[in-house]
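**Q** Residue numbers (the numbering used here): 221 to 310.
Note that the Cβ used here is the ideal one computed from N, Cα and C, for glycine as well.
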Amino acid sequence: MVEPLLEDVPQHVAKSAKPIDHAKEVLRDACDDALDESKRKPKRGRRIILHLTTNAQHAARKHVLPSMTGAFVIGIAAGILVGWFVTRRD
Numbered sequence: 221m222v223e224p225l226l227e228d229v230p231q232h233v234a235k236s237a238k239p240i241d242h243a244k245e246v247l248r249d250a251c252d253d254a255l256d257e258s259k260r261k262p263k264r265g266r267r268i269i270l271h272l273t274t275n276a277q278h279a280a281r282k283h284v285l286p287s288m289t290g291a292f293v294i295g296i297a298a299g300i301l302v303g304w305f306v307t308r309r310d
């Protein structure tokens with residue numbers, strides 16, 4: 221009576237191990253995808269920053285007067301703010 225049960229044990233173990241193997245495979249795939257994505261993000265960010273700075277340089281060279289005026293106004297505003305913070309009394 222025990223012998224037929226013992227003969228079926230390897231089949232039952234193999235059958236119950238299939239969902240575990242599938243879960244391990246899904247988890248491994250998810251980890252690999254996350255790792256690949258985390259490697260891709262910094263490269264994409266660098267390309268975007270390079271593209272933005274290149275476009276900004278091109279626009280500044282193409283429109284010199286508005287660029288210089290904008291830089292001058294920002295400099296004056298920053299100077300006024302710094303002067304105001306320094307001379308402020310609490």
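1) Less than 8 Å separating the beta-carbons of residue 280 and residue 287?
2) Measure the C-alpha to C-alpha separation of residue 266 and residue 294 and round it to an integer number of angstroms.
3) Shorter than 8 Å from the beta carbon of residue 239 to some beta carbon of chain D?
**A** Reading it off the structure:
1) Here residue 280 refers to the residue found at position 60 of the sequence shown. Here residue 287 refers to the residue found at position 67 of the sequence shown. Yes, the pair counts as a contact, with Cβ atoms nearer than the cut-off.
2) Here residue 266 refers to the residue found at position 46 of the sequence shown. Here residue 294 refers to the residue found at position 74 of the sequence shown. Residue 266 and residue 294: Cα-Cα distance of roughly 27 Å.
3) No chain D appears in the structure shown, which is made up of a single protein chain.
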